[in-house]
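What follows is a single structure, written as structure tokens, with notes after it.
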Amino acid sequence: MRVRSLFAAFSLVLFSLPVSLLAQNPPPPGPPGQPQAAPQGVPTRIRGTVEKLDGSELRVKSRDGAELSVTLAPNVMVVAVAKRALADIKVGDFVACTAVKGQDGKLHAVEVRIFPEAMRGVGEGQYPWDLTPDSVMTNATVGTISQLPEGAVLHVTFKGGESDLIVGPETPVLGYVPGDTGLLVPGAAVFVVALKHPDGSLTAARVTAEKDGVKPPM
Numbered sequence: 007m008r009v010r011s012l013f014a015a016f017s018l019v020l021f022s023l024p025v026s027l028l029a030q031n032p033p034p035p036g037p038p039g040q041p042q043a044a045p046q047g048v049p050t051r052i053r054g055t056v057e058k059l060d061g062s063e064l065r066v067k068s069r070d071g072a073e074l075s076v077t078l079a080p081n082v083m084v085v086a087v088a089k090r091a092l093a094d095i096k097v098g099d100f101v102a103c104t105a106v107k108g109q110d111g112k113l114h115a116v117e118v119r120i121f122p123e124a125m126r127g128v129g130e131g132q133y134p135w136d137l138t139p140d141s142v143m144t145n146a147t148v149g150t151i152s153q154l155p156e157g158a159v160l161h162v163t164f165k166g167g168e169s170d171l172i173v174g175p176e177t178p179v180l181g182y183v184p185g186d187t188g189l190l191v192p193g194a195a196v197f198v199v200a201l202k203h204p205d206g207s208l209t210a211a212r213v214t215a216e217k218d219g220v221k222p223p224m
């Protein structure tokens, strides 16, 4: 019951956050003629390891070797991912999947994450991703699951489209779990969608961090 209550609270907090802070892709501009909100900064994806957490300053060594300083919001949300199995993916689930096109012309999953219900719709769509060259991100609802001799094909739908994603037996499948700043220890892997401001500073309201040896795969 305590675990259920904790996850319910986690989902409630996630639901209360602005979608723009949770989305992995910036929202499209509004219709022409309508006033546009002033941009808070340029969304910047950071993958790396924690060097140090000093108050609200998170120092990260990015995967390209750059040392970055990110100022965390006072109410920063820290989440983690935990291992799941392909069998845990159900029809109707909202998932995120990084994939690359194989020689067969089909999209092969590099990783799949199952969202909690409170995050349904976050970053919905299919768009270029920068995990690896030519990778794409698909955030969508699972419509059907077709079993293969090894793995499965997820037929997913999203606003304006649909896609088939081949998930192999070795493809990491994960689910989101609550975390806190205690996970931001030196050496921990992190994924941060930060805002880069005109003065070059970086701020973030959400961090996905390594927990129990499970690293953010995206």
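Per my numbering, residue 7 is the first one in the sequence shown, and the count goes up by one each step. Even glycine gets a Cβ: it sits at the ideal position worked out from N, Cα and C.
Boundaries (first-last residue) of the beta strand (DSSP E) holding residue i
i: ASP60; result: 48-60
i: LYS165; result: Unbroken run through LYS165: none, as it is neither H nor E.
i: ARG119; result: 113-120
i: ARG212; result: 208-215
i: ALA79; result: 73-90
i: LYS67; result: 63-68
Alpha carbon of residue i to alpha carbon of residue j, nearest angstrom
i: THR147; j: HIS161; result: 9 Å
i: PHE100; j: THR209; result: 28 Å
i: GLU226; j: LYS112; result: Nothing about residue 226 can be read from this structure; the chain reaches only from 7 to 224.
i: GLN109; j: LEU74; result: 37 Å
i: GLY166; j: ARG126; result: 16 Å
i: ARG65; j: LEU189; result: 14 Å
i: GLY131; j: THR163; result: 8 Å
i: SER169; j: ILE151; result: 12 Å
i: ALA102; j: LEU171; result: 11 Å
i: THR104; j: ASP60; result: 32 Å
i: GLU176; j: GLN153; result: 15 Å
i: ALA72; j: ASP94; result: 37 Å
i: LYS217; j: PRO155; result: 32 Å
i: MET224; j: GLY206; result: 24 Å
Sequence-distant residues of the same chain with beta carbon closer than 6 Å to residue i, five excluded per side
i: VAL183; result: ALA86 and ALA88
i: PHE121; result: PHE100
i: GLN46; result: LEU201
i: THR187; result: VAL84
Own chain, CB closer than 8 Å to residue i, minus 5 neighbours either side, in chain order
i: VAL220; result: ALA86, VAL87, ALA88, LYS89 and LEU180
i: VAL257; result: Here the chain comprises residues numbered 7 to 224, so residue 257 is not present and cannot be evaluated.
i: GLY98; result: THR147 and VAL148
i: PRO80; result: SER62
Whole-angstrom C-beta distance between residue j and residue i, which should lie under 8 Å
i: SER62; j: THR77; result: 6 Å
i: PHE197; j: PRO222; result: 4 Å
i: VAL56; j: ALA194; result: 5 Å
i: ALA211; j: GLY185; result: 14 Å between Cβ atoms; not a contact.
i: VAL213; j: VAL48; result: Wrong, their Cβ atoms sit about 18 Å apart, outside the cutoff.
i: LYS58; j: PRO192; result: 6 Å
Residues of its chain near residue i, where Cβ-Cβ distance is below 7 Å and the 5 sequence neighbours each way are ignored
i: VAL173; result: LEU92, ALA115, VAL118, GLY157, ALA158 and LEU160
i: GLY54; result: VAL66, LYS67, SER68, ARG69 and VAL196
i: PRO204; result: none
i: ALA200; result: THR50, ILE52, VAL76, LEU208, THR209 and ALA210
i: TRP135; result: THR104, SER141, VAL142 and MET143
Could you tell me which uninterrupted beta strand (DSSP E) segments, each at least 3 residues in length, are contained entirely in the segment 169-195, listed from first to last along the chain?
179-184
| Start-end ranges of the beta strand (DSSP E) lying completely within the segment 93-155, minimum 3 residues | 100-107, 113-120, 131-134 and 142-153
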